[in-house]
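Order-wise, the sequence lines are chains A and B.
Residues in the first sequence are numbered from 1 upward in steps of one, following my numbering.
Residues in the second sequence are numbered from 468 upward in steps of one, following my numbering.
By construction, the Cβ of each residue, glycine as well, lies at the ideal position given by its N, Cα and C atoms.
Keep in mind it's a predicted model, so treat the numbers as computed, not measured.
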Amino acid sequence: MNPEPVQESKRGGLLGWMDQRYGVRGLFEFLSHKTVPVGPHSMIWYYLGGTTLFFFIVQILSGLLLLLYYQPGEDTSYETIRFITTKVPFGWLMRSVHCWSAHLMIISLIVHMFSTMMLKAYRPPRELTWVSGFVLFALALAFGFSGYLLPWNELAFFATVVGTESVKATPVLGHWLLEIMRGGTDVTIHTLYRFFALHVVALPMIVFAFIGLHLVVIQRQGMATPMRKAKRLGAMPFFPNFLLRDLILWLLCLVGLLSLAVFWPYGSGIPGLEWELGQKANPLMPAYPGIKPEWYFLWIYQLLKEFPPHFFGLEGPQAAILLVGFLLIIWALVPWLDRKARHDERSPAFSDLGISAIVFIAYLTLKAWDIGGGGHGSVLPDPGAVARVCAYWMLGLAGIIFGLRFFLYGHRWYWLSGAAMLQVVLHGVVGLSYINAGFIALGLLAAGVALSIMRGGSAARGSEVRP
Amino acid sequence: MSEQSEGARGSRRRFIDGLLGIGLLGWMGSAIYPVVRYLKPLPLAGPGGPIRLSEEQRTTIDRERFIIVSQGSERVMVFKDVSEKLYAVDARCTHEGCTVQFLPGESMIWCACHNGRFDLDGRVISGPPPRPLPRYAVHFDEGGDVLVDAENA
Chain A
1 MNPEPVQESK RGGLLGWMDQ RYGVRGLFEF LSHKTVPVGP HSMIWYYLGG TTLFFFIVQI
61 LSGLLLLLYY QPGEDTSYET IRFITTKVPF GWLMRSVHCW SAHLMIISLI VHMFSTMMLK
121 AYRPPRELTW VSGFVLFALA LAFGFSGYLL PWNELAFFAT VVGTESVKAT PVLGHWLLEI
181 MRGGTDVTIH TLYRFFALHV VALPMIVFAF IGLHLVVIQR QGMATPMRKA KRLGAMPFFP
241 NFLLRDLILW LLCLVGLLSL AVFWPYGSGI PGLEWELGQK ANPLMPAYPG IKPEWYFLWI
301 YQLLKEFPPH FFGLEGPQAA ILLVGFLLII WALVPWLDRK ARHDERSPAF SDLGISAIVF
361 IAYLTLKAWD IGGGGHGSVL PDPGAVARVC AYWMLGLAGI IFGLRFFLYG HRWYWLSGAA
421 MLQVVLHGVV GLSYINAGFI ALGLLAAGVA LSIMRGGSAA RGSEVRP
Chain B
468 MSEQSEGARG SRRRFIDGLL GIGLLGWMGS AIYPVVRYLK PLPLAGPGGP IRLSEEQRTT
528 IDRERFIIVS QGSERVMVFK DVSEKLYAVD ARCTHEGCTV QFLPGESMIW CACHNGRFDL
588 DGRVISGPPP RPLPRYAVHF DEGGDVLVDA ENA
């Protein structure tokens, strides 16, 4: 930056010395001009990327500490985790912090992603911020999945069997990928070796690269502002005003994290959010009743249960995984699909897409928890009752969400989320199968949108009454 | 410099670029191929032939009504119905590969992962599994030992 070296510097000391050699003043200049938009919009969404980063830093540090005692191996993986939690002073705390922080990081990341979706912060010129964020989301899931196997307990074993088996759905390369991931045809200790390398070396390096990219593009472009409000906005200096607020929030996150870790060292007791070590993995034991993956994979787990054995010439599980892949690709491409937001116009269809994603995932997740099924011990829950009770929960939830959207945000476009709710009602209340209910809802959605286009109605324009 | 020699220079450059491109591809291939082969696991060389159940394993079947045994990369469930007849099926669910179990009370094979249900011959009764569980033949040899034959289903 400063081609002529060792010249006058107004400051002495270390800073002056650094500036003479590396021109660091430019960086301070940049920081002092960096601002965060302030306006009538809620500021809270600007902090969520920071909290996600905070939990990731905690993951690196607590993971490093766990590595000091953990040894991957047939006779050591399970045993060293047990040793850490029972013998090493505060070992239980380190594992508890690592587990809680992982879940909080995913929660923070998901809320961050949905807020970006609802505020349309992905619109040009920020497409790559969205895509790099999406890649980080996928990497966080890969982190969770690979870390899950490392204690080598029963739950880990079957979660990995199912999770890796679903890779088979990949066209052409499926079986080859499956073997590469497992280090054999079956899940064995060789799978754990591969996941260990992934979890502690490969994924952190890739994540660092993408966090770097994500942050660089944000620094180059500044924070996104709500649509069509640019003129009324003020600015808050990033340094020190916003940074200090960030740090207070990080401190609160740390207090929250440690409280959870101390009082619930083995998790919340909700299936998918608990980490009792349980029994050591034994490939010769059957999967136990009530086995479930982590909460953020529950919707995929439930979808695998809902699909019939065969589906349009594909095997059911392959169709289910391909559907998940298709939906995720749509999600990643939203900045290009949302043509209206590209021109800074309201795009209510994409607000509704975000809500319908919540409806779709929430219903499957509730069902995966077998809420209202009356199953306990060896008695299996009744799927019909689960579908019905979860549908009632969804009706209550949708009442709140749709009410807020209608009265508070003035939303008038409900085609997608309406179809998603129709599927819930047809399946849970009327009693059709999940797949048939989905087809009917999609059919009515297509017919409704087509009719609306012919009449030049609101579905075609995607217009929305302003609040 | 004449136009003709300009054109010749251009085509020479394209030719050299093409050669360089081929060289680059070859170089990439020779770097990636060993890594891919390294990642591909070696085939598991297990003992072939039928599985012979030990005394202990037969006691387990009498007590639990079923047992899961392995040989090489195979996992086989051997179980006994109410009429004391022995069956053997592949223990890996055809849905997502979880290990199934035998429910003697309901005379049914069940996978706890996604609620797949099979009859004693491995045929799907309900749930998402797309294919029946492969069956294995159960023999008794002269000494009364139980042999499970993966080849001879």
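query                                                                                                                       : result
Residues near R519 of chain B in its chain [Cβ-Cβ closer than 6 Å; skip 5 each side]                                        : D612, L614
For C565 of chain B, the three-state DSSP class (helix, strand or coil)                                                     : coil
Of the residues A:F56, A:A368, A:T76, the one placed nearest L298 of chain A, counting alpha carbons only                   : A:A368
Which of helix, strand or coil DSSP assigns to Q538 of chain B                                                              : strand
Rounded C-alpha distance that separates A474 of chain A from R559 of chain B                                                : Residue 474 of chain A is absent from the structure shown; chain A starts at 1 and stops at 467.
From A:L139, A:A140, A:H190, residue whose alpha carbon lies closest to that of V161 of chain A                             : A:H190
8 Å Cβ cutoff, K507 of chain B in contact with chain A                                                                      : yes
Counted within 10 angstroms of its Cβ, other Cβ atoms place N153 of chain A as buried (16 or more) or exposed               : buried
3-residue-minimum beta strand (DSSP E) runs that sit fully inside the stretch 265-347 of chain A, ordered along the chain   : none
Within 8 Å, strictly: CB atoms of L119 of chain A and F137 of chain A                                                       : no
Identity of the residue in A:R220, A:A341, A:Y193 nearest E74 of chain A by Cα                                              : A:Y193
Contact belief for T365 of chain A with F238 of chain A at Cβ below 8 Å, rounded distance in angstroms                      : About 37 Å; that fails the 8 Å criterion.
Contacts of P289 of chain A in chain B (Cβ-Cβ under 7 Å)                                                                    : A579
Three-state secondary structure (DSSP) of W45 of chain A                                                                    : helix
Limits of the unbroken beta strand (DSSP E) element including F28 of chain A                                                : No beta strand (DSSP E) contains F28 of chain A, which is instead part of the alpha helix (DSSP H) from 25-33.
Residue-level contact to chain B via CB, I180 of chain A, 8 Å cutoff                                                        : yes
Where C578 of chain B falls: helix, strand or coil (DSSP)                                                                   : strand
Close-in-space but distant-in-sequence residues of the same chain around W295 of chain A (CB under 6 Å, 5 per side omitted) : G272, L273
Chain A contact for I518 of chain B (CB, 8 Å cutoff)                                                                        : no
Cutoff 8 Å: L304 of chain A Cβ touching any chain B Cβ                                                                      : yes
Cβ neighbours of M1 of chain A in the same chain (closer than 7 Å, five flanking residues each side left out)               : Because M1 of chain A sits at a pLDDT of 47, beneath the cut-off of 50, its placement in the model cannot be relied upon, and the following sentence gives the value as read from the coordinates. Hits under 7 Å: G23, G26.
Span separating the alpha-carbon of Y78 of chain A from that of G91 of chain A                                              : 14 Å
Neighbour-count burial assignment, K292 of chain A, 16 or more Cβ in a 10 Å radius                                          : buried
W17 of chain A at chain B interface by Cβ criterion, 8 Å                                                                    : no
CB contact below 8 Å: S463 of chain A versus chain B                                                                        : Confidence at S463 of chain A is low in this model, with a pLDDT of 45, below 50, so the placement of that residue should be treated as unreliable; the coordinate-derived value is given next. Not closer than 8 Å to any Cβ of chain B, the Cβ of S463 of chain A fails to qualify, so no.
Alpha-carbon to alpha-carbon, L260 of chain A and L397 of chain A                                                           : 26 Å
Status (buried if at least 16 other CB within 10 Å, exposed otherwise) for H103 of chain A                                  : buried
Sequence ranges, alpha helix (DSSP H) only - wholly within the stretch 89-151 of chain A, length at least 4                 : 91-119, 127-149
Residue from A:A420, A:L284, A:M394 whose Cα sits closest to the Cα of F158 of chain A                                      : A:L284
Alpha helix (DSSP H) segments (min. 4 residues) lying fully within the stretch 398-441 of chain A                           : 415-425
Test: D186 of chain A CB closer than 8 Å to a CB of chain B                                                                 : yes
Rounded distance between the beta-carbons of A142 of chain A and L203 of chain A, thought under 8 Å                         : 6 Å
Cβ distance (whole Å) where A156 of chain A is taken to contact L149 of chain A below 8 Å                                   : 5 Å
Delimiting residues of the alpha helix (DSSP H) encompassing V207 of chain A                                                : 203-221
Proximal chain B residues relative to M285 of chain A, where beta-carbon distance stays under 8 Å                           : I535, T566
Chain-ordered neighbours of E165 of chain A on chain B, where CB pairs are closer than 7 Å                                  : E563, G564
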